[in-house]
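Residue numbers (the numbering used here): 13 to 164. From the three backbone atoms N, C-alpha and C, an ideal C-beta is built for every residue, glycine too. Predicted, not measured: the structure shown is a model, and the values here were computed from it.
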Amino acid sequence: MSAATTSRFVSRLTRQTLALILAGGRGSRLKHLTLWRAKPATPFGGKYRIIDFPLSNCINSGIRRVCVLTQYKAHSLIQHIQRGWGFLRGEFGEFVELLPAQQRIDDSSWYRGTADAVYQNMDIIRMHEPDFVLILAGDHIYKMDYGPMLAR
Numbered sequence: 013m014s015a016a017t018t019s020r021f022v023s024r025l026t027r028q029t030l031a032l033i034l035a036g037g038r039g040s041r042l043k044h045l046t047l048w049r050a051k052p053a054t055p056f057g058g059k060y061r062i063i064d065f066p067l068s069n070c071i072n073s074g075i076r077r078v079c080v081l082t083q084y085k086a087h088s089l090i091q092h093i094q095r096g097w098g099f100l101r102g103e104f105g106e107f108v109e110l111l112p113a114q115q116r117i118d119d120s121s122w123y124r125g126t127a128d129a130v131y132q133n134m135d136i137i138r139m140h141e142p143d144f145v146l147i148l149a150g151d152h153i154y155k156m157d158y159g160p161m162l163a164r
């Protein structure tokens, strides 16, 4: 298969993918850096935040349907995403959607971990009708093209 054919195949896959970025982490090991913010909102390299890495990886991979699940001290994270990631075209089905924890299943607790965060947002996942769901950590710093992984 040629590189051009592979790119088209990958872009078809990534267009039908919904990314869920789990960005509700407390980051207790970062001590004073996370006293007032979630770990993914921690500044990195000047004007960037840790959350910018998975968001950039999604956009650069052709994944333009992204939900960011927030929970712990999310205000600065929400502000950063609203101000810096609002360039996607909603009329083409592109978005970065913020999903604060809303105690959807019962009133007794917030997210109890990764699987519970996904489970509590199943209605939103179903609403977007993705072929694939890519679940990502919002506090990891790396560069990756998710397209080839989806193609496997």
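Tell whether a beta-carbon distance below 9 Å holds between residue i and residue j.
| i | j | result |
| --- | --- | --- |
| residue 50 | residue 23 | no |
| residue 71 | residue 148 | no |
| residue 82 | residue 47 | no |
| residue 159 | residue 73 | yes |
| residue 31 | residue 92 | no |
| residue 97 | residue 146 | no |
If distances are taken between C-alpha atoms only, which option among the options comes closest to residue i?
| i | options | result |
| --- | --- | --- |
| residue 139 | 124, 79, 129, 155 | 79 |
| residue 153 | 132, 29, 57 | 57 |
| residue 76 | 86, 26, 54 | 26 |
| residue 36 | 103, 55, 44, 63 | 63 |
| residue 69 | 161, 162, 156 | 156 |
| residue 28 | 107, 128, 61 | 107 |
| residue 94 | 129, 135, 38, 61 | 61 |
Using C-beta distances below 6 Å, list every residue in its chain close to residue i, excluding the 5 sequence neighbours before and after it, in chain order.
| i | result |
| --- | --- |
| residue 85 | 49, 50 |
| residue 65 | 153 |
Entirely enclosed beta strand (DSSP E) segments - the segment 69-131, minimum 3 residues: 77-82, 107-112
Inside the segment 128-159 only - beta strand (DSSP E) runs reaching at least 3 residues: 144-149
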